[in-house]
Amino acid sequence: MIWTLALLPLALFVLGFPVYIVLLAAGAATLAFTMNTPPLVLHQILYGGVENYALLAVPFFIFAGELMSRGGVSDRLVLWVSSFSGRFAGGLGLTTIGTATLMGAVSGSSPATVAATGKALYPDLLKAGYARSSALGLIVSSGSVAIVIPPSIAMILYGASAEQSIPKLFMAGLFPGLLISAMMALYVLFLVRRGAGPAAAKSNGAAADGFLRATWQALGALCLPVIVLSGIYLGLFSPTEAGGVACFYAIVLIRYAYRSMTWQQILEAASEAAFLSGQILVIVASAAVFSWVLTVQGIPQSLIAWVADAQMTPVVFLLAINLILLVLGCFIDPTSAILVLTPILIPIVQNLGIDPIHFGVVMTVNLSIGMFTPPFGLNIFVAQSVLGAEIWDVCRGVLGFFLVQVAALLLITYLPEISLWLVGFY
Amino acid sequence: MTRLSRLVSAADRLLRLFLGVLLVVMVGLNLLNAAGRYLFGQAIPGADEILMFSMVWLVFLGALLASATDRHLGFNLPKGWLSESTDKGLRVLRHLFVALLTGYVALQSWAVLQKLAKVGQKSMALELPMTLPHSALLVSFVSTALLSLILAARALSQRSGRGAADGKRGMP
């Protein structure tokens, strides 16, 4: 059994097989060689893995994110953020972080946030005197917060996998996301004060735009997360319906208010969103097979017994999980990591008395850091492709921001109130 | 461009278009359903069922498209870590393994579909045959198996050279 559930998937993964094939192969091999269950069950579990109403939100939010990131929303957000942050020394750095946070709330995609923020602000950051590596580090690390800030696709996948409330997860991600952005902003200000960053790096020109005018221009984009989240929490619609509302709103906004996309381009965005959904949700289906085999073989129970024997406290367990996820995040994308690890970890988490909603946030923050850590952080490759950056420049630039986000992660891990305080009102 | 490549490229465009239209229709149906429930106190009969069945097709056809363009999520060794011949051998191995596995899963899907057809199982709301959503898996896995065999044959027949190694991403 150990070779079908551990060695085979590990070998396939390292050899570059797609994650869904890795999981499916592990499940099918265990079923065929070590169990007396008819293999027809493979089909049933694959089908059942995606026939989940909550998962319908995934293609809808991806589509809304595609529309917003292709529809020129980032430029309006840059103008709005810089209209109040651009007046300070280091204001351009603050504008980058603020725009990435808002873009994350609007698009829910970390790579899309890096691409949009980078295209809009990278040339200005260089002109303002930021070193190439610092500017790249700032852009790729601030974009990572997109998967923590609600509405977050990573949270939907965790919620479906751990059978937890998606509205509660969205709510729990809000303060941690804002905390990460605030700590990043403080770090930028610290660098400026210490003389390590360009003190005169105010936003050029944009600050001249009045706050009210910039707010008016960005109002449509800013309303999207407000409509989605308030609709969910006021009980007007479910997260899945909220996804549909987000798509409809985004289409109306970019087609009729901003006039930035044609119907043909909207259809192209839908095609890309459908493709990305297939890419993600086929892993959900395969992870269901893997998770079923693990459960039938009693692996989670064995792990719980092992953790109990090791007399691991929640504090030590969370520290160990943080270390493991930080390392894994450097190699695996958040989607795969969440879908593979959640079914294994959730029974242990519940056995130790850790709140699964809090754990979902800890997991997502860990994996969001993995989005910009070398060697395989996806945001690094986005910066390379969109901004023509050298990988080495990006890697040098992220170090300081990595340490800041790890500090934020420790706060989020050991002060569960940061995540759970707002959930208490729901 | 070979005839086969042109054919696959056309199928890829058609599939993309179909998936895009399907997603737009799903969004519309989801909205109308929610609006009907809140504004008129009545949901569209069977809308949730249609949405679920559409999503099953969207997922497995989307996965097929990802296979055709070699854009599945996974761990990639950096370029240049492997020699050209090792890289080519690994690609052939990957395609053959995927063909074997997806072929095996397709056989299971076929067996399930036969059982469903035999008992005539129908959906609860609209009484649609359950073979309708379940066949998405068969279509996806059979197509992926065939595609992987073609890609393996193609990789084997490719002449060595940097261009050949770089051109590994997908069929078109």
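If you read the sequences in order, they're chains A and B. For the first sequence, the numbering used here begins at 721 and goes up steadily by one. For the second sequence, the numbering used here begins at 180 and goes up steadily by one. Glycine residues also receive a C-beta, built at the ideal position from the N, C-alpha and C atoms.
Examine chain A for any beta-carbon lying closer than 8 Å to the beta-carbon of residue i, and answer yes or no.
{"i": "R149 of chain B", "result": "With chain B running from 180 to 351 in the structure shown, residue 149 of chain B is simply not present."}
{"i": "M231 of chain B", "result": "yes"}
{"i": "D191 of chain B", "result": "no"}
{"i": "A363 of chain B", "result": "Since the first and last residues shown for chain B are 180 and 351, residue 363 of chain B lies out of range."}
{"i": "Q293 of chain B", "result": "no"}
{"i": "A213 of chain B", "result": "yes"}
{"i": "H251 of chain B", "result": "yes"}
{"i": "L240 of chain B", "result": "yes"}
{"i": "Q337 of chain B", "result": "no"}
{"i": "V271 of chain B", "result": "no"}
{"i": "A290 of chain B", "result": "yes"}
{"i": "V187 of chain B", "result": "no"}
{"i": "G282 of chain B", "result": "no"}
{"i": "V235 of chain B", "result": "yes"}
{"i": "V321 of chain B", "result": "no"}
{"i": "G199 of chain B", "result": "yes"}
Measure the C-alpha to C-alpha separation of residue i and residue j and round it to an integer number of angstroms.
{"i": "R250 of chain B", "j": "Q999 of chain A", "result": "8 Å"}
{"i": "S794 of chain A", "j": "T821 of chain A", "result": "11 Å"}
{"i": "A242 of chain B", "j": "S319 of chain B", "result": "8 Å"}
{"i": "S861 of chain A", "j": "A825 of chain A", "result": "16 Å"}
{"i": "I886 of chain A", "j": "A880 of chain A", "result": "8 Å"}
{"i": "C1115 of chain A", "j": "F1092 of chain A", "result": "9 Å"}
{"i": "F931 of chain A", "j": "S803 of chain A", "result": "5 Å"}
{"i": "T1079 of chain A", "j": "P1034 of chain A", "result": "A quick correction: the sequence has Phe, not Thr, at residue 1079 of chain A. Cα to Cα, the separation comes out at about 11 Å."}
{"i": "I782 of chain A", "j": "I1066 of chain A", "result": "26 Å"}
{"i": "W289 of chain B", "j": "A745 of chain A", "result": "18 Å"}
{"i": "L841 of chain A", "j": "L787 of chain A", "result": "20 Å"}
{"i": "L176 of chain B", "j": "L230 of chain B", "result": "The question about residue 176 of chain B has no answer, for chain B in this structure spans 180 to 351."}
{"i": "V1102 of chain A", "j": "D1113 of chain A", "result": "13 Å"}
{"i": "L954 of chain A", "j": "M891 of chain A", "result": "13 Å"}
{"i": "A1127 of chain A", "j": "M755 of chain A", "result": "45 Å"}
{"i": "F219 of chain B", "j": "T1133 of chain A", "result": "45 Å"}
{"i": "F1147 of chain A", "j": "L911 of chain A", "result": "Only positions 721 to 1146 of chain A appear in the structure, and residue 1147 of chain A is not among them; the question remains open."}
{"i": "G849 of chain A", "j": "L942 of chain A", "result": "30 Å"}
{"i": "I1077 of chain A", "j": "G806 of chain A", "result": "36 Å"}
{"i": "R216 of chain B", "j": "A777 of chain A", "result": "18 Å"}
Within 10 angstroms of its Cβ, does residue i collect 16 or more other Cβ (buried), or is it exposed?
{"i": "W1141 of chain A", "result": "exposed"}
{"i": "R913 of chain A", "result": "exposed"}
{"i": "Y740 of chain A", "result": "buried"}
{"i": "L727 of chain A", "result": "exposed"}
{"i": "V946 of chain A", "result": "exposed"}
{"i": "K681 of chain A", "result": "Since the first and last residues shown for chain A are 721 and 1146, residue 681 of chain A lies out of range."}
{"i": "E961 of chain A", "result": "buried"}
{"i": "S336 of chain B", "result": "exposed"}
{"i": "I722 of chain A", "result": "exposed"}
Let me check one thing: in DSSP terms, what residues is residue i bridge-paired to?
{"i": "G253 of chain B", "result": "A:P738"}
{"i": "R301 of chain B", "result": "In the sequence as displayed, the identity of residue 301 of chain B is Lys instead of Arg. DSSP lists B:P308 as partners of K301 of chain B."}
Could you tell me whether any Cβ in chain B is nearer than 8 Å to the Cβ of residue i?
{"i": "I974 of chain A", "result": "no"}
{"i": "F780 of chain A", "result": "yes"}
{"i": "E771 of chain A", "result": "yes"}
{"i": "Q1104 of chain A", "result": "no"}
{"i": "I873 of chain A", "result": "no"}
{"i": "I1003 of chain A", "result": "yes"}
{"i": "Y767 of chain A", "result": "yes"}
{"i": "S1022 of chain A", "result": "no"}
{"i": "L877 of chain A", "result": "no"}
{"i": "G964 of chain A", "result": "yes"}
{"i": "T1015 of chain A", "result": "no"}
{"i": "L949 of chain A", "result": "no"}
{"i": "C1115 of chain A", "result": "no"}
{"i": "V734 of chain A", "result": "yes"}
{"i": "Y969 of chain A", "result": "no"}
{"i": "E961 of chain A", "result": "yes"}
{"i": "V834 of chain A", "result": "no"}
{"i": "C1008 of chain A", "result": "It is Ala, not Cys, that sits at residue 1008 of chain A in the sequence shown. It does not: the Cβ of A1008 of chain A has no partner Cβ on chain B nearer than 8 Å."}
{"i": "L1087 of chain A", "result": "no"}
{"i": "F1092 of chain A", "result": "no"}
{"i": "T1055 of chain A", "result": "yes"}
For this session: Give, in chain order, every residue of the segment 292–319 of chain B whose Cβ lies closer than 7 Å to some Cβ of chain A.
Result: H313 and L316
For this session: Would you list, in chain order, the members of the segment 1019–1051 of chain A that have their beta-carbon closer than 9 Å to a beta-carbon of chain B?
Result: F1051
For this session: Output, in sequence order along the chain, the residues in the segment 217–228 of chain B whose CB is closer than 8 Å to any CB in chain A.
Result: Y217 and D227
For this session: Would you list, in chain order, the members of the segment 736–751 of chain A that have their beta-carbon closer than 8 Å to a beta-carbon of chain B?
Result: G736, F737, P738, V739, Y740, I741, V742, L744, A745 and A748
Exercise. Listed from N- to C-terminal order along the chain, which residues in the segment 977–995 of chain A have their beta-carbon within a distance smaller than 9 Å of any beta-carbon of chain B?
Worked result: I986, L987, E988, A989, A990, S991, E992, A993, A994 and F995
Exercise. For the segment 881–910 of chain A, which residues have a CB atom closer than 8 Å to at least one CB atom of chain B, in sequence order?
Worked result: none
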